[in-house]
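Student:
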Amino acid sequence: MRALHQLVVHSHDRKRGDTFLMPWDKIALALAGALATGVLMTGAAQAQTDASVLAGTCANCHGTDGNSPGAIPSIAGLPFEYILEQLLAFKADEVPGTTIMGRIAKGYSDEELEALALHFSEIEE
Amino acid sequence: MISRRKVIKSAAAAFAATPLLSMPFVARAQTAGRVVIVGGGFGGATAAKYIKRRNPDIAVTLVEASPRFYTCPFSNLYLGGLRDFDSIGHSFDELTDTYGVELITEWAEGVDGDAHTLTLASGETLGYDKLLLSPGIDMRWDGIEGYDEAAAELAPHAWKAGPQTELLRSQLEAMDDGGLFILSAPADPFRCPPGPYERVSLIANYFKESKPSSKILILDSKDAFSKQGLFQAGWQELYGDMIEWVSLSNDGRVIRVDAENLEVETEFGEIHRADVLNVIPPQKAGFIAEAAGVTNEGGWVPINPETFESQQVSDIYVVGDATIAAPMPKSGFSANAQGKVAASAIVAALTGEEAPAPSWANTCYSLIGPEYGISVAGVYRVENGEIISVEGSGGVSPAEADAEFRAAEARYAVGWYDAITQDIWGSQPA
Ligand SMILES: Cc1cc2nc3c(=O)[nH]c(=O)nc-3n(C[C@H](O)[C@H](O)[C@H](O)COP(=O)(O)OP(=O)(O)OC[C@H]3O[C@@H](n4cnc5c(N)ncnc54)[C@H](O)[C@@H]3O)c2cc1C
Numbered sequence: 001m002r003a004l005h006q007l008v009v010h011s012h013d014r015k016r017g018d019t020f021l022m023p024w025d026k027i028a029l030a031l032a033g034a035l036a037t038g039v040l041m042t043g044a045a046q047a048q049t050d051a052s053v054l055a056g057t058c059a060n061c062h063g064t065d066g067n068s069p070g071a072i073p074s075i076a077g078l079p080f081e082y083i084l085e086q087l088l089a090f091k092a093d094e095v096p097g098t099t100i101m102g103r104i105a106k107g108y109s110d111e112e113l114e115a116l117a118l119h120f121s122e123i124e125e
Numbered sequence: 126m127i128s129r130r131k132v133i134k135s136a137a138a139a140f141a142a143t144p145l146l147s148m149p150f151v152a153r154a155q156t157a158g159r160v161v162i163v164g165g166g167f168g169g170a171t172a173a174k175y176i177k178r179r180n181p182d183i184a185v186t187l188v189e190a191s192p193r194f195y196t197c198p199f200s201n202l203y204l205g206g207l208r209d210f211d212s213i214g215h216s217f218d219e220l221t222d223t224y225g226v227e228l229i230t231e232w233a234e235g236v237d238g239d240a241h242t243l244t245l246a247s248g249e250t251l252g253y254d255k256l257l258l259s260p261g262i263d264m265r266w267d268g269i270e271g272y273d274e275a276a277a278e279l280a281p282h283a284w285k286a287g288p289q290t291e292l293l294r295s296q297l298e299a300m301d302d303g304g305l306f307i308l309s310a311p312a313d314p315f316r317c318p319p320g321p322y323e324r325v326s327l328i329a330n331y332f333k334e335s336k337p338s339s340k341i342l343i344l345d346s347k348d349a350f351s352k353q354g355l356f357q358a359g360w361q362e363l364y365g366d367m368i369e370w371v372s373l374s375n376d377g378r379v380i381r382v383d384a385e386n387l388e389v390e391t392e393f394g395e396i397h398r399a400d401v402l403n404v405i406p407p408q409k410a411g412f413i414a415e416a417a418g419v420t421n422e423g424g425w426v427p428i429n430p431e432t433f434e435s436q437q438v439s440d441i442y443v444v445g446d447a448t449i450a451a452p453m454p455k456s457g458f459s460a461n462a463q464g465k466v467a468a469s470a471i472v473a474a475l476t477g478e479e480a481p482a483p484s485w486a487n488t489c490y491s492l493i494g495p496e497y498g499i500s501v502a503g504v505y506r507v508e509n510g511e512i513i514s515v516e517g518s519g520g521v522s523p524a525e526a527d528a529e530f531r532a533a534e535a536r537y538a539v540g541w542y543d544a545i546t547q548d549i550w551g552s553q554p555a
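In order, the protein sequence lines correspond to chains Z and B.
Everything in the first sequence is counted per the working numbering, starting at 1 for the first residue and increasing by one.
Everything in the second sequence is counted per the working numbering, starting at 126 for the first residue and increasing by one.
Shown next, in the form of structure tokens:
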């Protein structure tokens, strides 16, 4: 848990335009550890956050498990770093030409976006 | 075997030959539990699939009246001549063949919450550990004077996709150029807040191409509607003054319908005569919700937002349009998202675990023209026992956007339809 919280502080510190300095492989490992039980505590008093529940609504546009059948990009099996970078950039309105993902990504904490990135990166295409 | 109207389909051939009554708890489900679902639409079919994905040992029976499901989403494209009707129909084959859901093609008639049983129209009874209802809406046939089921055969609502939708399309096709199409829109809450306005948009697109002197009049029981600014700007841009919108305050509320003469009367006594009349009446939760005792005085279902279990009857979960889930809209997207949350709550409950924290999103795309899409999005959580829209998230498409942006959202609208129908029924793009 500790590692995860440190990670979140890092990503909050991230400034617009900064290049990514975070060691992604370490983060992935830390997350994988934290998520080993399949859950992520979002706070002491709250119910458990389950990445597969968070990911449920992504399928509405990106297809079951993130395998899209149509015009919306597939996200299954993409590298963790890439998905997370994209999601954080959407949230910060840093992706030119974005139609809707900025509005959606703002609904999730950085910690949740990381859990989602890990979830989809681990699914096979 | 006694003759039965219903069709039982299942991956296990043995299922099909054995009367259900004699086997309320099939062998493999003895430990994992039995879930019965009413409604194979956006909420119910999603829940069936996602319960099975989480725990294939739970026995899931889906009771759905229709052998094939036609979606309201994209039925407006059909009305505008942009799709054929077949392309919005979906089968339950993936649910039965891939996920082992037992399908019963029959009407559910009643629920006994104490006994934990569901009764079918045939009189047969199904036992359940957990019941999930996603029956959608019913029309309030007493909502507008003169607008009953017989009137809907002359002035269709087309607010459930099926024969009503085909009737409206055939009337639009038969209408002469220069005719008047009137749509009467209901007050909130109702199924698909942007739906009536997308409908007039795509009918305007059809008129513009085939009957350019025709007019469209929206008589509204509201003073504001979903994505209003974007719709009105788009109408102006694409259709000039073809579409007129009359708000509640400007005497838009229809209080009486004379379907024989295609006439409507508004609150202050004005009579409008249409060539094609589309009345979308006030609505309530689908019949079976009321029969189960889960509706309130307003006709909708109060739920526990953490799980979508009924506040009134335990072990009955309700999702989709039937529920009170504001600020989530009554949309297919919401119904799907709620179906997944209810599925995880049911699976957790059957294994004695605590339900995981819920999270939902919604996106409603609307097409103003074939290459002109707009959207509204939201992300939702539970806070202090209530569903809230996450601060800073969601909202509508920008008012200022170029043609490329609108075209991209139109493409994504189709991408959304392809994805959600794959996610629910395993369909492939048309
Ligand atoms: C014109 C129009 C356009 C729309 N466009 C969109 C859109 O673009 N995006 C979007 O997200 N939403 C859209 N919607 C809304 C969407 O259709 C609904 O929100 C969605 O269908 C709700 O899902 P549900 O599961 O609650 O009900 P439904 O999908 O209606 O499913 C209910 C099912 O239950 C069955 N049933 C009911 N009672 C019984 C019974 N007693 N026994 C057996 N079976 C029963 C019915 O046959 C039906 O198949 C639109 C709606 C309309 C009218």
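All C-beta atoms in this analysis are idealised placements derived from N, C-alpha and C, irrespective of residue type, glycine included.
Let me check understanding here. Comparing Cα to Cα, which of B:L373, B:N403, B:D376 and B:L256 lies closest to A384 (chain B)?
Tutor: Minimum Cα distance to A384 (chain B) is reached at B:N403.
Student: Using the Cα positions of E249 (chain B) and A470 (chain B), report the straight-line distance between them to the nearest angstrom.
Tutor: Near 28 Å, if we compare the C-alpha coordinates of A470 (chain B) and E249 (chain B).
Student: Does T37 (chain Z) come within less than 8 Å of chain B when only Cβ atoms are used?
Tutor: For T37 (chain Z), the predicted model reports a pLDDT of 40, less than 50, meaning its position is unreliable; a value from the coordinates is still stated below. It does not: the Cβ of T37 (chain Z) has no partner Cβ on chain B nearer than 8 Å.
Student: Could you say if the region 242–261 of chain B and the region 155–173 of chain B meet the contact criterion of at least three C-beta pairs nearer than 8 Å?
Tutor: Contact between the region 242–261 of chain B and the region 155–173 of chain B is present, because at least three Cβ pairs lie under 8 Å.
Student: Determine the chain B residues that contact H62 (chain Z) at a beta-carbon separation under 8 Å, and present them in chain order.
Tutor: Chain B residues near H62 (chain Z): A544.
Student: Among B:F210, B:R193 and B:L387, which has the Cα closest to the Cα of N201 (chain B)?
Tutor: Nearest C-alpha to N201 (chain B): B:F210.
Student: Where does L256 (chain B) fall in DSSP's three states?
Tutor: If DSSP states are grouped into helix, strand and coil, L256 (chain B) belongs with the strands.
Student: Going by DSSP, name the residue or residues bridged to E388 (chain B).
Tutor: Paired residues: B:D383 and B:R398.
Student: Here's a check: name, in chain order, each residue in its chain whose Cβ is nearer than 7 Å to the Cβ of A36 (chain Z), leaving out the five neighbours to either side.
Tutor: Only weak support is given to the placement of A36 (chain Z): the predicted model assigns it a pLDDT of 40, under 50, and the question is left unresolved by the model.
Student: I'd like to confirm something about D446 (chain B): is its beta-carbon nearer than 7 Å to some heavy atom of ligand 1, or not?
Tutor: Indeed, a heavy atom of ligand 1 lies less than 7 Å from the Cβ.
Student: What's the call for A486 (chain B), buried or exposed, on a 16-neighbour Cβ count within 10 Å?
Tutor: The residue in question, A486 (chain B), is buried, as its Cβ has 16 or more Cβ neighbours within 10 Å.
Student: Mind pulling the chain Z residues with CB within less than 9 Å of W541 (chain B)?
Tutor: Going along chain Z in sequence order, the residues near W541 (chain B) (Cβ under 9 Å) are N60, C61, G70, A71 and I72.
Student: Should R324 (chain B) be counted as a contact of ligand 1 given a C-beta to heavy atom distance under 7 Å?
Tutor: R324 (chain B): yes, Cβ under 7 Å from ligand 1.
Student: When we look at the beta-carbon of I413 (chain B) and count the other beta-carbons within 10 Å, is it buried (16 or more) or exposed?
Tutor: The residue in question, I413 (chain B), is buried, as its Cβ has 16 or more Cβ neighbours within 10 Å.
Student: Ordered along the chain, which non-local residues of its own chain (more than five positions away) have a Cβ less than 6 Å from that of A71 (chain Z)?
Tutor: Cβ neighbours of A71 (chain Z) beyond the five flanking positions: none.
Student: Can you list, in chain order, the residues of its chain whose CB lies under 6 Å from that of G503 (chain B), leaving out five sequence neighbours each side?
Tutor: Only N487, S514 and G519 meet the Cβ criterion.
Student: Using three-state DSSP, classify E124 (chain Z) as helix, strand or coil.
Tutor: E124 (chain Z) falls in the coil class under three-state DSSP.
Student: Count the other CB atoms, across all protein chains shown, that sit within 10 Å of the CB of R398 (chain B); report buried if there are 16 or more and exposed otherwise.
Tutor: So R398 (chain B) ends up on the exposed side.
Student: Answer with buried or exposed for S456 (chain B), where buried requires no fewer than 16 other C-beta atoms within 10 angstroms of its C-beta.
Tutor: Classification for S456 (chain B): buried.
Student: With burial defined as no fewer than 16 other Cβ atoms inside 10 Å of the residue's Cβ, what is the status of P132 (chain Z): buried or exposed?
Tutor: Look at the range of chain Z in this structure, 1 to 125, and you will see that residue 132 (chain Z) is not part of it.
Student: Secondary structure at K465 (chain B), three-state DSSP: helix, strand or coil?
Tutor: DSSP places K465 (chain B) in helix when its eight states are reduced to three.
Student: For A555 (chain B) and N509 (chain B), what's the separation of their Cα atoms in angstroms?
Tutor: Cα-Cα distance, rounded: 43 Å.
Student: Measure the CB-CB distance between G445 (chain B) and G168 (chain B) and report whether it falls below 8 Å.
Tutor: It is a contact, given that the beta carbons lie within the stated cut-off.
Student: In angstroms with no decimal places, state the Cα-to-Cα distance between R294 (chain B) and T230 (chain B).
Tutor: Their Cα atoms are separated by approximately 27 Å.
Student: Using CA coordinates, which residue listed in B:G166, B:I183 and B:A170 is at the minimum distance from A474 (chain B)?
Tutor: A474 (chain B) has its Cα closest to that of B:I183, out of B:G166, B:I183 and B:A170.
Student: Starting from M264 (chain B), trace the beta strand (DSSP E) both ways and give me its first and last residue.
Tutor: M264 (chain B) -> beta strand (DSSP E) spans I262 to M264.
Student: Cβ atoms of V185 (chain B) and A173 (chain B): under 8 Å apart, would you say?
Tutor: Yes. Within cutoff.
Student: Residue range of the beta strand (DSSP E) that G235 (chain B) falls in?
Tutor: Note, G235 (chain B): beta strand (DSSP E), A233 to D237.
Student: Could you say which of B:I328, B:Y322, B:F315 and B:L258 lies nearest to D302 (chain B) if we only look at CA atoms?
Tutor: That would be B:I328, whose Cα lies nearest to the Cα of D302 (chain B).
Student: Measure the Cβ-Cβ separation of Y203 (chain B) and G287 (chain B) and say whether it is below 8 Å.
Tutor: Against a cut-off of 8 Å, the Cβ pair of G287 (chain B) and Y203 (chain B) comes out as no contact.
Student: Using a Cβ cut-off of 8 Å, pull out every chain B residue sitting near Q48 (chain Z), in sequence order please.
Tutor: Ordered by position in chain B, the residues that pass the 8 Å Cβ test against Q48 (chain Z) are E479, P481 and A482.
Student: Quick one: which unbroken beta strand (DSSP E) runs of 3-plus residues sit fully inside the region 402–477 of chain B? Chain order, please.
Tutor: Runs found: 408–410, 426–429 and 441–443.
Student: Checking contacts by CB at 8 Å: is G107 (chain Z) closer than that to chain B?
Tutor: Answer yes: the Cβ-Cβ gap between G107 (chain Z) and chain B drops below 8 Å somewhere.
Student: Is DSSP giving W370 (chain B) helix, strand or coil here?
Tutor: In the structure shown, W370 (chain B) sits in a strand (DSSP, three-state: E or B).
Student: Look at the Cβ atom of I493 (chain B), then the Cβ atom of S522 (chain B), and state whether they are nearer than 8 Å.
Tutor: No. Outside cutoff.
Student: Is there at least one non-hydrogen atom of ligand 1 closer than 7 Å to the beta-carbon of C58 (chain Z)?
Tutor: No, Cβ of C58 (chain Z) sits at least 7 Å from all heavy atoms of ligand 1.
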